[in-house]
Amino acid sequence: MTDQQLFDPHASDRTAGPGADGAPQRLIVEADGGSRGNPGHAGYGALVRDPDTGRILVEKAAYIGKASNNVAEYSGLVSGLELAREINPEASVHVKMDSKLVVEQMSGRWQIKHADMRVLAGKARTVMNPRQVTYEWIPRERNKDADRLSNEAMDAGMAGVPWKPRAAEKEAVPVAAPAETPRPAGQLHHVEVWTADLPSAVSSLGWLLERLGFPRREEWKHGVSYGSETFYIVLESGPDVTGSVHERRRPGVNHLAFRAGSRADVDLLARRAVSHGWSLMFRDAHPYAGGPEHYAAYLENAEGFEIELVAS
15 MTDQQLFDPH ASDRTAGPGA DGAPQRLIVE ADGGSRGNPG HAGYGALVRD PDTGRILVEK
75 AAYIGKASNN VAEYSGLVSG LELAREINPE ASVHVKMDSK LVVEQMSGRW QIKHADMRVL
135 AGKARTVMNP RQVTYEWIPR ERNKDADRLS NEAMDAGMAG VPWKPRAAEK EAVPVAAPAE
195 TPRPAGQLHH VEVWTADLPS AVSSLGWLLE RLGFPRREEW KHGVSYGSET FYIVLESGPD
255 VTGSVHERRR PGVNHLAFRA GSRADVDLLA RRAVSHGWSL MFRDAHPYAG GPEHYAAYLE
315 NAEGFEIELV AS
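Once you know that position 162 of the sequence shown is 176 in the numbering used here, the rest is easy, because the numbers rise by one and skip nothing.
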């Protein structure tokens, strides 16, 4: 499949570069939606990405009250197409979503039976010419920016506060590579966490690591690493793992603690973590379980691993 076909198989006469006014001729929309309760508190997230640089051009999230997952996902799609139209109504748009239902229905392969979704699908088709739009299903781990936005929307809505966008990404400025300097001895190189259930660990620990600034680095049959060459964390399973239950109270490492930003950042991340397999520990003393001067959230996942999120 050629690059032009990926974005717009119906308009091969359109150029790939920017138009006469400088607006991008190709755009990527990533969208997601969620509901805590299905139906329950619902929100969506959508963004537009430059396909050449990968840079996020604009993003949006909104709380929509009580609704189903599918309605929230369709709402995210409509919002993403509206954002793309604002950038360039003539652009070829490639939509990426982790909702198989929305992708298949909007591609015309599945029927739309639910009345609310029919309305939203119809609205999506009026936002931009359907011949300009193509759809692709992607796994959830590749839709993490839209997932982040939808969770931020739900968090804000449930807290009764408006969602606030992050600061716009800045254009990358080329700089000379710094001279290689020896790294001092004594610094941690990496931490390796063995787990009896790698998929579950990736879903909970991996999700939290990515939100703390450890991007997924490498993946192999029995493991995944997060971080950089400077420092990384490995989640690993396989035949060498003995036992099936982690017990942090036994001799050995008890838990990992991370700086997680401001107190508000810690609170937000702790709330979001509940939807990703974590439970709050020491509720009766939270957020001062570590002492009156120590603001932190202590979290435990289903396998018994403990993470401490410390406020600056």
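Ideal Cβ positions, reconstructed from N, Cα and C, are used throughout, including at glycine.
### Query
Should Ala-199 go down as buried or exposed, given a rule of 16 or more other Cβ atoms within 10 Å for buried?
Burial state of Ala-199 is exposed, judged by a 10 Å Cβ sphere holding fewer than 16 other Cβ atoms.
### Task
Look up Ile-126 in the DSSP assignment and say whether it is helix, strand or coil.
It is coil, neither helix nor strand.
### Query
Nearest-angstrom Cα distance between Asp-159 and Gly-47?
So the two alpha carbons sit approximately 11 Å from each other.
### Query
Just the Cα atoms here: how many angstroms apart are Ser-251 and Ser-258?
Cα-Cα distance, rounded: 11 Å.
### Query
Which partner residues does Ala-138 have in the DSSP bridge list?
Looking at the DSSP output, Ala-138 shares a beta bridge with no other residue.
### Query
Just reading off the alpha helix (DSSP H) that Glu-73 is part of, what are its end residues?
Taken as a continuous stretch (DSSP letters only), Glu-73 belongs to no alpha helix (DSSP H), being part of the beta strand (DSSP E) at 70 to 81.
#### Entry: CA-to-CA distance, Gly-59 to Ala-170, given in whole angstroms
The alpha-carbon atoms of Ala-170 and Gly-59 are separated by roughly 12 Å.
### Query
In this structure, what does DSSP give as the bridge partners for Arg-230?
Residue pairing for Arg-230: DSSP places it in a beta bridge opposite Tyr-240.
### Query
Going straight from the alpha carbon of Glu-320 to that of Gly-291, what length do you get?
Distance between Glu-320 and Gly-291, taken at the CA atoms: about 12 Å.
### Task
Can you say whether His-204 is buried or exposed, counting buried as having 16 or more other CB atoms within 10 angstroms of its CB?
So His-204 ends up on the exposed side.
### Query
So which of Met-131, Arg-156, Gly-54 and Ser-49 has the shortest CA-CA distance to Val-2?
Because the chain is modelled from 15 through 326, residue 2 falls outside the range shown and cannot be assessed.
### Task
Go ahead and pull the three-state DSSP assignment for Ser-293.
Per DSSP, reduced to three states, the secondary structure at Ser-293 is strand.
### Task
Take the Cβ of His-108 as the centre, count every other Cβ of all protein chains shown within 10 Å, and call the residue buried at 16 or more, exposed below.
Under this definition His-108 is a buried residue.
### Query
Where do the N-terminal and C-terminal ends of the alpha helix (DSSP H) with Ala-167 fall, by residue?
Element bounds for Ala-167: 158 to 173.
### Query
So, is Trp-221 buried or exposed, given that buried needs 16 or more other C-beta atoms within 10 angstroms?
Per the 10 Å Cβ criterion, buried.
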